[in-house]
Amino acid sequence: MLYADNAATTKMSQTALETMIRHLNETYGNPSSLYTLGQKAKEVLEEARKTVAGVIGADPKEIYFTSGGSEADNQALLTAAALGKKAGKRHIISTAFEHHAILHALRRLERDGFEVTLLDVHEDGLVRPEELEAAIRPDTCLVTVMYANNEIGTIQPIAEIGEICKTHGVLFHTDAVQAVGHIPINVKAEHIDMLSSSAHKFHGPKGVGFLYVRKGVRITNLIEGGAQERGKRAGTENVAGIAAMAAALAESAGKMDETAAELIKKRDRLIEGLRQIPHCALNGDARRRLPGNVNFCFEGIEGESLLLLLDGKGIQASSGSACTSGSLDPSHVLLAIGRIHDVAHGSLRLTIGEDITDEDIDYIVQSVQEVVTYLRSFSPVWRDLQNGTREYILP
Ligand SMILES: *Cc1c(COP(=O)(O)O)cnc(C)c1O
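Below, the structure is given as structure tokens:
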């Protein structure tokens, strides 16, 4: 089986798995307990906090453990909204292609009286910093722009955006779930006030993540209860999961450059191979994208059929985000970069990991070619395109 859906989730690394099992077995004490076993668990937490902070250039005190990326996103937005309300500022800037954890949380804030401006991301899948700057108003309380997109992998000009936000005194949050552990990040150098991350996107376990909140930003609770996480996130800590997350992140960060260089070679081999298929297009900028991300649209076919047939050939891929599969709507990300409905429906996302070989890449290319040709052979849309009653959109 060939796993090419690492943007949906990753396999746990052996190191993370062993760390998790060890702590489930040995460090089962409650970190709030005062006896030795509890204090041992507490130490494990604080060690993990140091590790995580180190990787993104933060202070350990600025890290809050959460149940994952969605929770971190929600807590960040709630925090910004509370601060905005206090200051009489109710305008938020974001982008049209954020993850649903952001878009749906923003929708709730709109119902609570906030006004949201969603920036265009253009055909290349990139936000224009000058457009962002132009959208800032005196009542803007937050800018939230994802670090790297989960569907098309485009990497945003985060440092520039951070600089603009700093200049205008606006809080800046980034959903960095796809970026952490994969590309270098430094929250101080990039002027990031809040950052969300999730362990299962970098070979850690599911159900654990963290929110970085810059010192001086007063964080709001999403979950009320005990005094865990300095009173900002109640609930007995997922000690084993947090330790495994830190182990996975340290490991990924330690070999980030080599992994990225290897993946980029394979990614580009995959892109070149798929480009040979007639009437298709790569979604998002070819260079400013995550090392392992490939996303194509093929004219005249349905992405869902493509996926099922690829599954039959042992290839696990996606048509976009795992969150939209099962729904008939085309991806909001592809619509945001200007793909029309028909074309957006024929999408394929392949997110490769380190374990993939050149032979695997060639097998994927060959399989996609076969399946696209087969699906087109009985597609009414393709027939219309071929006999000229409909015009091709993709070259
Ligand atoms: C996966 C993902 C999330 C959600 O993270 P969970 O840990 O699954 O809640 C949020 N944002 C982005 C960009 C993601 O890729």
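Counted from 1, the sequence shown has number 34 at position 11 by my numbering; the numbering is strictly sequential. Glycine included, each C-beta is placed from N, C-alpha and C at the ideal position.
Simplified DSSP state of residue i, which is helix, strand or coil
i, result
"M169", "coil"
"S117", "strand"
"T38", "helix"
"Q339", "strand"
"D280", "helix"
"M217", "strand"
"C346", "Bear in mind that a pLDDT of 48 at C346, under 50, signals an unreliable position, so the number given afterwards is only what the model happens to contain. Reduced to three states, the DSSP call for C346 is coil."
"A99", "helix"
"T259", "coil"
"G107", "helix"
"G192", "coil"
"R134", "helix"
"R372", "strand"
"Y397", "helix"
"D383", "helix"
"G185", "helix"
"V236", "strand"
"T74", "helix"
"R413", "coil"
"T197", "strand"
"T59", "helix"
"V356", "helix"
"L408", "helix"
"I178", "strand"
"V139", "strand"
"L68", "helix"
"L245", "coil"
"D365", "helix"
"D28", "strand"
"I125", "helix"
"I44", "helix"
Heavy atom of ligand 1 within 7 Å of residue i beta-carbon
i, result
"A64", "no"
"K224", "yes"
"V200", "yes"
"M169", "yes"
"N501", "Residue 501 lies beyond the residue range present for the chain, which begins at 24 and ends at 418; the question has no answer from this structure."
"S93", "yes"
"H122", "yes"
"D28", "no"
"S400", "no"
"G277", "no"
"D96", "yes"
"G296", "no"
"N316", "no"
"N173", "yes"
"S56", "no"
"S221", "yes"
"G232", "yes"
Residue environment, residue i, which counts as buried when at least 16 other CB atoms sit within 10 Å
i, result
"I379", "buried"
"T42", "buried"
"D28", "buried"
"M24", "exposed"
"M217", "buried"
"P314", "buried"
"F319", "buried"
"Y51", "exposed"
"R131", "exposed"
"T412", "exposed"
"I360", "buried"
"G277", "exposed"
Minimum Cβ-Cβ distance from residue i to chain D less than 8 Å
i, result
"Y58", "Although the question refers to chain D, the structure presented lacks it and comprises just one protein chain."
Any 3 or more C-beta pairs closer than 8 Å across the segment 35-50 and the segment 181-191: Output reads no: the segment 181-191 does not touch the segment 35-50.
Cβ contact check for the segment 117-126 and the segment 254-265: 3 or more pairs under 8 Å: no
Runs of beta strand (DSSP E) lying entirely within the segment 143-169, each at least 3 residues, in chain order: 163-167
Cβ contact check for the segment 100-110 and the segment 238-255: 3 or more pairs under 8 Å: Contact between the segment 100-110 and the segment 238-255 is present, because at least three Cβ pairs lie under 8 Å.
Uninterrupted alpha helix (DSSP H) stretches inside the segment 294-340 (no shorter than 4 residues): Fully enclosed alpha helix (DSSP H) runs of no fewer than 4 residues occupy 326-335 of the segment 294-340, in order along the chain.
Contact between the segment 149-159 and the segment 184-203 (3+ Cβ pairs under 8 Å): yes
Touch test, the segment 244-259 against the segment 55-75, Cβ-Cβ under 8 Å, three pairs minimum: Contact check between the segment 244-259 and the segment 55-75: three or more CB pairs, one atom from each, fall below 8 Å, which counts as touching.
Stretch-stretch touch, CB-based, cutoff 8 Å, three pairs: the segment 299-313 with the segment 334-342: Between the segment 299-313 and the segment 334-342 there are fewer than three inter-stretch CB-CB distances shorter than 8 Å, so the stretches are not counted as touching.
Cβ contact (3+ pairs, closer than 8 Å) linking the segment 59-70 and the segment 197-206: no
Any 3 or more C-beta pairs closer than 8 Å across the segment 138-145 and the segment 87-97: No: the two stretches stay apart, fewer than three of their Cβ pairs being nearer than 8 Å.
Stretch-stretch touch, CB-based, cutoff 8 Å, three pairs: the segment 221-235 with the segment 110-117: no
The segment 140-151 / the segment 273-290 touching (three or more Cβ pairs under 8 Å): no
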